[in-house]
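J.: At position 221 of the sequence shown (counting the first as 1) the number is 237 in this note's numbering, and the numbers step up by one without a gap. Yeah, the Cβ is synthetic: ideal placement off N, Cα and C, and Gly gets one too. Have a look at the structure that comes next, please.
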Amino acid sequence: MDAKHLPQVGTRQPFHQGEMAAQERVGVRTQMEKAGATVLRDYMPDQHRQLFSVLPTLLLGGADASGSAWASIVWGKPGFITSPDPTTLRIRATLHRDDPLAPSLKPGTQFGALGLQFETRRRNRANGFIAEVDDEGFTFAVQQSFGNCPRYIQSRELVEGDDAAMEHGNALAGTGTLPDEAMALIRRSDTFFIATAAEASAGMAHGADVSHRGGKPGFVHVDANGVVTWPDFAGNNFFNTVGNLIADGRAGLLFIDFEQGHLLQLSGQAEVIWEQEQAAQFAGAVRLLRFRAERYILHRGIFPMRWSLREQSPYLEPTGTWREVGPGGA
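Here it is, written out as C-alpha cells:
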C-alpha cells in the first residue's frame, strides 16, 4: 500500500459524538463504552475473513464528489473477495459505470463495507478506506471491524445468475418525485441497506458505514414526494446509523429486487424521530427514521443474481406494517 494514502490513525474513542448522544438518550452509554472497547476491533478476526471469502456480494456505503451519500453493491463468484491479512480485503470487482459511487472508488476514499450471507443470516461489518485500485478491482484497508447479530434478516437462497445483466440493464435517474416503479419496489421490500457517514473529529471514530434494515413487506412507507419512513427496531445499541444521522443527516438507501434484479439507489437527508407516540403506532418500533430523497437511480435488471425467499426472520413476528398503521400514520 502507498503510505501517502494511509490516514493517520491513533488511539480513538470507539464511538463518535452522535453515537454517544444516542446511547446517552436511551440510557446505555456506560455499558456500551465497555462493550465497544471489546467488540469493535481495528482488524478482522479469521472468522470474519473467512465469511467474506465465500460471499457472492459485498455492500458498500460512501459519498460521491458532491458529498452525497449512496449505498451500493458489488458482486462476483464466491472467492472474488480475499483477505491477504487481517486489515485488508481484496475485491476483484468494481462498481457499474452508472453507479454514482464509481468515480469515488479511488485511493484514500472512506467507505463502509458489509458482508452478508443471506442463507445463514451471518453478517460482518468492515469500515475503512480504498487503498489501491487497478484493472481487476480494488483493495480495501480495514480500520474498524465488528460482527452483527442475525436479527431481522430474511433467509434467502441463490437460485440463478445472469452474467450478462450488467450489459443489458438500463438506468433511470432523476431528482424530486420518484417514478411509480421505484415507489412500488420500496413498498414491497422486506430488506434495504442504508449508508451514512460521520466527519472526522479529534480522537473519535469516523468514516462511512453501511448497514442492513429488514422487516415484513410493507415496513417501509414512501409518499408521492419521495419521503421514506421506516421503523427502527431494537438492536445492538451501537447506534452506528442513528448516531451518524445525529451528527450528519446525509444518507443513501439501496433497495434490491431479488426476483427481477432491479437496484434502486436513493440519496438525500434523513432524520431520527424520537417521539414515542409516533413510534408506538408501528408494532415493534422503538423510534422512526424519515428520509427525503433528493436523487434516485433505478437500475433495471442490472443485478445478475436471483434469490428466492426461504424464511422470514423469526424476530419480525411481533412487528407490523404501514398498512396496519393506517392512513396518515407515517
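Expressed to the nearest angstrom, what Euclidean distance is found between the alpha-carbon atoms of residue 224 and residue 161?
T.: Distance between the alpha carbons of residue 224 and residue 161 is about 13 angstroms.
J.: Please tell me whether residue 335 and residue 247 are closer than 9 angstroms, where the distance is taken between their beta carbons.
T.: It is a contact, given that the beta carbons lie within the stated cut-off.
J.: Just verifying my parser: in three-state terms, what is the DSSP assignment at residue 13?
T.: Given a span of 17 to 346 for the chain in the structure shown, any question on residue 13 remains unanswerable.
J.: Grouping DSSP H, G and I as helix and E and B as strand, with all else coil, what is residue 227?
T.: The answer is strand: DSSP assigns residue 227 an E or B state.
J.: Taking the C-alpha atoms as reference points, what is the distance between residue 71 and residue 276?
T.: The straight-line gap from Cα to Cα measures roughly 20 angstroms.
J.: Kindly list the residues whose CB is nearer than 7 angstroms to the CB of residue 347, restricted to its own chain and excluding five residues on each side of it in sequence; keep chain order.
T.: Within the shown structure, residues of the chain are numbered from 17 to 346, placing residue 347 beyond reach of any answer.
J.: So what's residue 237 in DSSP terms, helix, strand or just coil?
T.: Strand, per DSSP.
J.: Does the beta-carbon of residue 206 have 16 or more other beta-carbons within 10 angstroms, so that it is buried, or is it exposed?
T.: With 16 or more other Cβ atoms within 10 Å, it is buried.
J.: Cutting at 8 angstroms between CB atoms, please list the residues of its own chain near residue 339, excluding the five before and the five after it.
T.: Around residue 339: 234.
J.: Whole angstroms is fine: what's the gap from residue 280's alpha carbon to residue 107's?
T.: Taking the straight line joining both Cα atoms gives about 23 angstroms.
J.: So for residue 330, helix, strand or coil by DSSP?
T.: Here residue 330 sits in helix by DSSP.
J.: Thinking residue 109 and residue 237 are a contact (beta carbons under 8 angstroms), I'd like their distance in whole angstroms, please.
T.: 33 angstroms between Cβ atoms; not a contact.
J.: Please classify residue 113 as buried or exposed, where buried requires at least 16 neighbouring CB atoms within 10 angstroms.
T.: Looking at its Cβ environment, which holds fewer than 16 other Cβ atoms inside 10 Å, residue 113 is exposed.
J.: Can the beta-carbon of residue 265 be found less than 9 angstroms from the beta-carbon of residue 193?
T.: Against a cut-off of 9 angstroms, the Cβ pair of residue 193 and residue 265 comes out as no contact.
J.: Whole beta strand (DSSP E) runs in the segment 64-112 with 3 or more residues, listed along the chain?
T.: With a minimum length of 3 residues, the continuous beta strand (DSSP E) runs that stay inside the segment 64-112 are 73-79, 85-91, 97-101 and 104-107.
J.: Would you call residue 283 buried or exposed, if buried means 16 or more other Cβ atoms sit within 10 Å of its Cβ?
T.: Flag for residue 283 reads buried.
J.: Where does residue 150 land, buried or exposed, given buried means 16+ other C-beta within 10 angstroms?
T.: With fewer than 16 Cβ atoms within 10 Å of its Cβ, residue 150 is classed as exposed.
J.: Quick check: residue 347 and residue 92, are their CB atoms within less than 9 angstroms of each other?
T.: No answer is possible for residue 347: it lies beyond the span of the chain, which begins at 17 and ends at 346.
J.: Which one of 214, 67 and 115 has the shortest CA to CA distance from residue 95?
T.: Here the closest residue by C-alpha is 67.
J.: Determine the direct distance from the alpha carbon of residue 203 to that of residue 69, and round the result to whole angstroms.
T.: If I take the Cα positions, the gap works out to 33 angstroms.
J.: So which of 135, 165, 102 and 170 has the shortest CA-CA distance to residue 143?
T.: The residue with the shortest Cα to Cα distance from residue 143 is 102.
J.: At a Cβ threshold of 9 angstroms, is residue 38 touching chain D?
T.: Of the protein chains in the structure, only one exists, and it is not chain D.
J.: Checking 9 angstroms against the spacing of the C-beta atoms, do residue 309 and residue 270 come in under that value?
T.: Cβ distance not < 9 angstroms, so residue 309 and residue 270 don't count as in contact.
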